Amino acid sequence: MTTVDGLGEALAVLGAGLGAGVLTSTVGVASLLSFPVLLAVGLPPVVANASNTVGLVAAGVSGSFGYRAELREHPRITWTVVVTCAVGAVGGAALLLALPSSVFEAVVPWLILLTCLLVGVQPWIGRWLRARAGEDAGARTRMGPVTTAFALLTGVYGGYFGAGSGVMMVAVLGLGLDIDLRVVNGLKTLAIFAGNVVAGIIFITVADLDWRAIALLAAGSVVGGYVGARVGRRLPPTLFRVLVVVAGVVAAVLLLR
């Protein structure tokens, strides 16, 4: 099996880890940076995907730590996100090992574009939902059945492939809850972390991995994850939403090529 070899390839993977860590804690499209780099240095697709998932666990650790204040604001939501994404990731990881990687290639870009549309129009949809509920309706600070179900499906997708899963989680939580976007960003980062941990455990047990690539990704992403959290928690809501939409559209276009 081809592995990361030489100083140039090692620096490329390390840099990809750093960038992916920042993206994990900001716009949530980390795999679209790190996964192609692993392919470029010669790793087979399934090995690259599984190694990428394990290596980016470090970004979730540091990113979630960076958002620790936001994650404490709604502990019930925080735990619901962790559980749903972890459970979903089990199914996603199983799908990755059982199905060819081409199964979702046709639908994933369009799914990401739809999610970008939902993120972009979320303020208008939120106002419409509040108006329909009436003035007496309180803020939605608990995940209802529909929001929980979509969070679970996002966890499945995250465990299977993961590219754009952060964008999807922003859409799910932004539409289903009335909480600050900085908190949504923290929850999105935690969701990616939970999914990567569970899928990573499965991959360590049954999949072929490149441990050199994993170590380099982890070293870069643990720094990038924390830096991204420091940036992400200070982004104005409108700018954050624009960046998420732009990142999602770029991701979809790259996947359509």
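In the working numbering, the protein residues as written are 66 to 322.
Cβ atoms here follow ideal geometry from the backbone N, Cα and C, with glycine treated the same way.
In this text the structure is predicted, and so the values were computed from the model without any measurement.
Endpoints, alpha helix (DSSP H) assigned at E74: For the purposes of this step, residue 74 is identified with residue 9 of the sequence shown, where counting begins at 1. Its alpha helix (DSSP H) spans residues 72-90.
Taking only runs that begin and end inside the segment 114-195, name each unbroken alpha helix (DSSP H) of 4 or more residues, in chain order. Runs of the alpha helix (DSSP H) inside the segment 114-195: 122-131, 133-136, 140-163.
Nearest neighbour of F130, chosen from V111, N250, G220, L104 [CA to CA]: Along the sequence shown, one-based indexing puts residue 130 at 65. Ranking V111, N250, G220, L104 by Cα distance to F130 puts N250 first.
What does the alpha-carbon distance come out to for the pair S286 and V94? The sequence position of residue 286 within the sequence shown is 221, counting from 1. The sequence position of residue 94 within the sequence shown is 29, counting from 1. Pairing S286 with V94, the inter-Cα distance amounts to about 13 angstroms.
Beta-carbon within less than 8 angstroms of F100's beta-carbon, same chain only, minus the 5 sequence neighbours each way: which residues are those? One-based indexing of the sequence shown puts residue 100 at position 35. So the qualifying residues of the chain are A113, N114, N117, A228.
Start and end of the alpha helix (DSSP H) containing P101? Mapped onto the sequence shown, residue 101 falls at position 36. Judged by DSSP secondary structure, P101 falls within the alpha helix (DSSP H) whose first and last residues are 96-105.
Does DSSP put R205 in a helix, a strand or coil? If you number the sequence shown from 1, residue 205 lands on position 140. Assignment of R205 by DSSP, reduced to helix, strand and coil, places it in the coil class.
Just checking my contact of A123 with L98 at CB under 8 angstroms: how many whole Å lie between their CB atoms? Position 58 of the sequence shown, counting from 1, holds the residue named residue 123. Position 33 of the sequence shown, counting from 1, holds the residue named residue 98. With a Cβ gap of about 15 angstroms, A123 and L98 do not count as contacting.
Measure from the alpha carbon of G209 to the alpha carbon of each residue in L103, G297, V311, T145, then state which is nearest. In the sequence shown, counting from the first residue as 1, residue 209 sits at position 144. Of the listed residues, the one whose Cα sits closest to G209 is T145.
Spatial neighbours of A312 within its chain, please: C-beta separation below 6 angstroms, excluding the five flanking residues on both sides. Along the sequence shown, one-based indexing puts residue 312 at 247. Its chain contains V92, V94 as the residues whose beta carbon lies nearer than 6 angstroms to that of A312, once the 5 sequence neighbours on both sides are disregarded; these appear in chain order.
How many Å lie between R207 and L238 at the Cα? Locating residue 207 in the sequence shown gives position 142, counting from the first residue. Locating residue 238 in the sequence shown gives position 173, counting from the first residue. Cα-Cα distance, rounded: 10 angstroms.
With a Cβ-Cβ cutoff of 9 angstroms, do Y225 and A158 count as a contact? Along the sequence shown, one-based indexing puts residue 225 at 160. Along the sequence shown, one-based indexing puts residue 158 at 93. It is a contact, given that the beta carbons lie within the stated cut-off.
Looking at C-alpha atoms only, which residue of F258, P174, V155 is the closest neighbour of L88? Translated into positions along the sequence shown, residue 88 becomes position 23. When each option's Cα is compared against that of L88, the closest is F258.
Buried or exposed: where does V172 fall if 16 or more other Cβ atoms within 10 Å of its Cβ makes it buried? Along the sequence shown, one-based indexing puts residue 172 at 107. So V172 counts as exposed.
Leaving out the 5 sequence neighbours to the left and right, which residues in its chain are closer than 7 angstroms to A316 when beta-carbon positions are compared? Taking the sequence shown and counting its residues from 1, the one referred to as residue 316 is at position 251. Excluding positions up to five away in sequence, the list reads V94, L97, I177, A228, G229.
So, is D275 buried or exposed, given that buried needs 16 or more other C-beta atoms within 10 angstroms? Within the sequence shown, the letter at position 210 stands for residue 275. The residue is buried, with at least 16 neighbouring Cβ atoms inside 10 Å.
Would A278 and G220 be called neighbours here (beta carbons separated by less than 9 angstroms)? Position 213 of the sequence shown, counted from the start, is the residue given in the question as residue 278. Position 155 of the sequence shown, counted from the start, is the residue given in the question as residue 220. Not closer than 9 angstroms, so no.
Closest to T270 by C-alpha separation, out of D243, V232, L162, would be which residue? Counting from one through the sequence shown, the residue named residue 270 turns up at place 205. Just measuring C-alpha positions, the residue of D243, V232, L162 sitting nearest T270 is L162.
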